[in-house]
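Visitor: Chains as they are written, first to last, in full-length UniProt numbering: chain P, 1 to 252; chain Z, 1 to 252.
Below is a structure I'd like to ask you about.
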DNA sequence: CGGACCTTTGAGTATTTTCAAATGCGGTGG
DNA sequence: CCACCGCATTTGAAAATACTCAAAGGTCCG
């Protein structure tokens, strides 16, 4: 990687672009280029379109938009939501750096959800046509791409489990534990983190109302499970939190 | 297709195997070989392992099983469920002929759900290693495989919407409408069909109790929306059923 | 400092669950 | 052929969880 760094600098590549290469991206162990050698990573870099900034609250793509690109999140957080025929939103996921947005659009070439940045973020545009050509040529990339799609299927199944037969307390505990482990996987503290989404968004995602979320936060606080200050969360008893996730038995 | 049929017969291929070829399978317009030309379909046929019968109630694969094969359903119905740490089941989907089972296992090489036949069924074993090699070589197959995975993501998102912010009545209506359209896509009557799953399984899938399902059936029956006799269902007013799916407003 | 917005908390309500009992269906054996 | 048994389903009544509505309290930002 050092070698590559040098060669890029020597050819006068602007620093902007340099920083944006997969090889130097802190997410390359989680993201699409995971496990690729340097040559393959270069080829992936070459098909990636723009590295785009998405400001807080702005929309990356919208339901019904034609599908052109997948988006790899370099930095920041997103929410993805579906909309009922009633116009009611249902958030289907919160995505963070290293995760891929837009995979649900492959089936019909139209986006099935809307993706909105929860904070100022950056994404890599991955033109899907080009990616598919590359996939045929790079078994490692093919394998990992399939893993990422499969992982999304698995994640959604877990949410179905959560929504289908967990109580409010369990759901919220599971939500916190999930965030915690994802931050840990990214090298951040699993105990202290900022919620990037509002109480309302959490409630929407978990199939609960904003009031329920607020009450659950108060309850967990009172029980010494966590400390909250606005969106700053500190998990004080991850073990018990995980236990609550498992069953209703331990939560009164 | 006729030509192929002839050539197979002339080479003395047993009828058993003949019937099992993708080209002669009634599901090839929905299943993996969708859109493939005859040559490509042959290549796909060649990697397919066994065409296996799965008797009612028996398990195709189980959570934690090592992942070897995807399974294309030729005939019959399956349920796929996850299990909580409590041992509580959550059915994540009901699959029918033409659909693919096991895609959630790609991410970790372990199955994340258990698949059980709801009636005597038949599946084609698709060894995933071989499939991946083929994918690199057959753009059309690659494309369709991605569509199928993406479709599964989309389907699960719809279930999240259903579980996250629909009421019991809406959920059950949505369930019936969904079954109806899938039978229609397979050339069966969209109005009259047999439920292959018990009331309990429906309830589990929809995040409701068996009693609620029973009550909803009675309610719909009383409102002239459908006729029920055991597992035989006749939808009498699909339009109103769809309307109920959309919003709570029209159902008292 | 003021205002908009988000969050918290309380009280009453509603939907769905739980628990219990009755009904119906299919299969088995007298 | 009919009675009986087991199992799935239906129905009823009480209970619980989470929601709705309302108001108060905080926080952020101009």
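Backbone N, C-alpha and C fix where the C-beta goes; we use that ideal spot for every residue, glycine too.
Source: prediction; values computed, not measured.
Residue 123 (chain P): which of P:161, P:181, P:90 and P:56 sits nearest, CA to CA?
Guide: For the purposes of this step, residue 123 (chain P) is taken as the residue at position 123 of the first chain. For residue 123 (chain P), the nearest C-alpha among the options comes from P:56.
Visitor: Grab me the residues of residue 31 (chain Z)'s own chain with a C-beta within less than 6 angstroms of its C-beta, minus the 5 sequence neighbours each way, in chain order.
Guide: In the second chain, the residue the question calls residue 31 (chain Z) occupies position 31. Only 72 and 98 meet the Cβ criterion.
Visitor: Leaving out the 5 sequence neighbours to the left and right, which residues in its chain are closer than 7 angstroms to residue 36 (chain P) when beta-carbon positions are compared?
Guide: Along the first chain, one-based indexing puts residue 36 (chain P) at 36. Taken in chain order, the residues that qualify are 44, 140 and 141.
Visitor: Can you tell me whether residue 79 (chain P) is buried or exposed? The criterion is at least 16 other CB atoms within 10 Å of its CB, across all chains shown.
Guide: As a first step, residue 79 (chain P) must be located in the first chain, where it is residue number 79. Buried, since its Cβ has 16 or more Cβ neighbours within 10 Å.
Visitor: How many angstroms separate the CA atom of residue 176 (chain Z) from the CA atom of residue 243 (chain Z)?
Guide: Position 176 of the second chain, counting from 1, holds the residue named residue 176 (chain Z). Position 243 of the second chain, counting from 1, holds the residue named residue 243 (chain Z). When rounded, the distance between both Cα atoms is 12 angstroms.
Visitor: How is residue 130 (chain Z) classed by DSSP in three states: helix, strand or coil?
Guide: Within the second chain, numbered from 1, the residue matching residue 130 (chain Z) stands at position 130. In the structure shown, residue 130 (chain Z) sits in a helix (DSSP, three-state: H, G or I).
Visitor: With DSSP collapsed to three states, give me the class of residue 177 (chain P).
Guide: Sequence index remark: in the first chain, residue 177 (chain P) carries index 177 (1-based). The DSSP-derived three-state label of residue 177 (chain P) is helix.
Visitor: Could you work out which residues of chain Z lie near residue 177 (chain P), taking near to mean beta carbons separated by less than 9 angstroms?
Guide: To locate residue 177 (chain P), count along the first chain from 1; it is residue 177. Chain order gives no chain Z residues near residue 177 (chain P), where near means a beta carbon separation below 9 angstroms; the closest approach is about 12 angstroms.
Visitor: Taking Cβ to Cβ, would you say residue 213 (chain P) is nearer than 8 angstroms to residue 131 (chain P)?
Guide: The residue given as residue 213 (chain P) occupies position 213 in the first chain. The residue given as residue 131 (chain P) occupies position 131 in the first chain. No, Cβ-Cβ distance for residue 213 (chain P) and residue 131 (chain P) is not below 8 angstroms.
Visitor: Is any beta-carbon of chain P found at less than 8 angstroms from that of residue 232 (chain Z)?
Guide: As a working note, residue 232 (chain Z) is residue 232 in the second chain. False, the Cβ-Cβ gap to chain P never drops below 8 angstroms.
Visitor: Closer than 7 angstroms, Cβ to Cβ, to anything on chain P: give me those residues from the stretch 54-86 of chain Z, in chain order.
Guide: 82, 84, 85 and 86
Visitor: First and last residue of the alpha helix (DSSP H) that includes residue 151 (chain Z)?
Guide: Counted from its first residue, the second chain places residue 151 (chain Z) at position 151. For residue 151 (chain Z), the enclosing alpha helix (DSSP H) covers residues 139-165.
Visitor: Return the first residue and the last residue of the alpha helix (DSSP H) that residue 34 (chain Z) is part of.
Guide: Taking the second chain and counting its residues from 1, one reaches residue 34 (chain Z) at position 34. Careful: residue 34 (chain Z) lies outside any alpha helix (DSSP H) and carries neither H nor E.
Visitor: What does residue 104 (chain Z) touch in chain P if you count any residue whose Cβ is under 7 angstroms from its own?
Guide: The residue you call residue 104 (chain Z) lines up with position 104 of the second chain. Going along chain P in sequence order, the residues near residue 104 (chain Z) (Cβ under 7 angstroms) are 150, 153, 154 and 157.
Visitor: For residue 151 (chain Z) and residue 239 (chain Z), what's the separation of their Cα atoms in angstroms?
Guide: As a position in the second chain, residue 151 (chain Z) is number 151, starting the count at 1. As a position in the second chain, residue 239 (chain Z) is number 239, starting the count at 1. Going by the C-alpha atoms only, they are around 25 angstroms apart.
Visitor: Quick one: give me the first and last residue of the alpha helix (DSSP H) that residue 21 (chain Z) is part of.
Guide: The count along the second chain starts at 1 and reaches residue 21 (chain Z) at position 21. Careful: residue 21 (chain Z) lies outside any alpha helix (DSSP H) and carries neither H nor E.
Visitor: Check whether the Cβ atoms of residue 163 (chain Z) and residue 207 (chain P) lie closer than 8 angstroms to each other.
Guide: Here residue 163 (chain Z) refers to the residue found at position 163 of the second chain. Here residue 207 (chain P) refers to the residue found at position 207 of the first chain. Contact: yes.
Visitor: Hey, residue 300 (chain P) and residue 210 (chain Z): beta-carbon distance below 8 angstroms or not?
Guide: One cannot answer for residue 300 (chain P) here, as it falls past the ends of chain P, which runs 1 to 252.
Visitor: Using alpha carbons as the reference points, say which of Z:60, Z:103 and Z:114 lies closest to residue 82 (chain Z).
Guide: Numbered from 1 along the second chain, position 82 holds the residue referred to as residue 82 (chain Z). With distances taken between Cα atoms, residue 82 (chain Z) lies closest to Z:114.
Visitor: Less than 8 angstroms separating the beta-carbons of residue 118 (chain P) and residue 77 (chain P)?
Guide: Here residue 118 (chain P) corresponds to residue number 118 of the first chain, with the count starting at 1. Here residue 77 (chain P) corresponds to residue number 77 of the first chain, with the count starting at 1. Closer than 8 angstroms, so yes.
Visitor: On the three-state DSSP scale, how would you describe residue 92 (chain Z)?
Guide: Locating residue 92 (chain Z) in the second chain gives position 92, counting from the first residue. Of the three classes helix, strand and coil, the one that applies to residue 92 (chain Z) here is strand, per DSSP.
Visitor: In whole angstroms, what separates the C-alpha of residue 232 (chain P) from that of residue 158 (chain P)?
Guide: For the purposes of this step, residue 232 (chain P) is identified with residue 232 of the first chain, where counting begins at 1. For the purposes of this step, residue 158 (chain P) is identified with residue 158 of the first chain, where counting begins at 1. Using only the alpha carbons, I get a separation of about 25 angstroms.
Visitor: Using CA coordinates, which residue listed in P:154, P:74, P:190 and P:165 is at the minimum distance from residue 24 (chain P)?
Guide: By 1-based counting over the first chain, the position of residue 24 (chain P) is 24. Answer by Cα proximity: P:74.
Visitor: So for residue 182 (chain Z), helix, strand or coil by DSSP?
Guide: Sequence index remark: in the second chain, residue 182 (chain Z) carries index 182 (1-based). Residue 182 (chain Z) falls in the helix class under three-state DSSP.
Visitor: With 8 angstroms as the threshold, decide whether the Cβ of residue 139 (chain P) is near any Cβ in chain Z.
Guide: In the first chain, counting from the first residue as 1, residue 139 (chain P) sits at position 139. Answer yes: the Cβ-Cβ gap between residue 139 (chain P) and chain Z drops below 8 angstroms somewhere.
Visitor: Based on Cα-Cα distance, which residue from P:101, P:33, P:40 and P:96 lies nearest to residue 182 (chain P)?
Guide: As a position in the first chain, residue 182 (chain P) is number 182, starting the count at 1. That would be P:96, whose Cα lies nearest to the Cα of residue 182 (chain P).
Visitor: Determine the burial state of residue 253 (chain P): buried for a count of at least 16 other Cβ atoms within 10 Å of its Cβ, exposed for fewer.
Guide: Only positions 1 to 252 of chain P appear in the structure, and residue 253 (chain P) is not among them; the question remains open.
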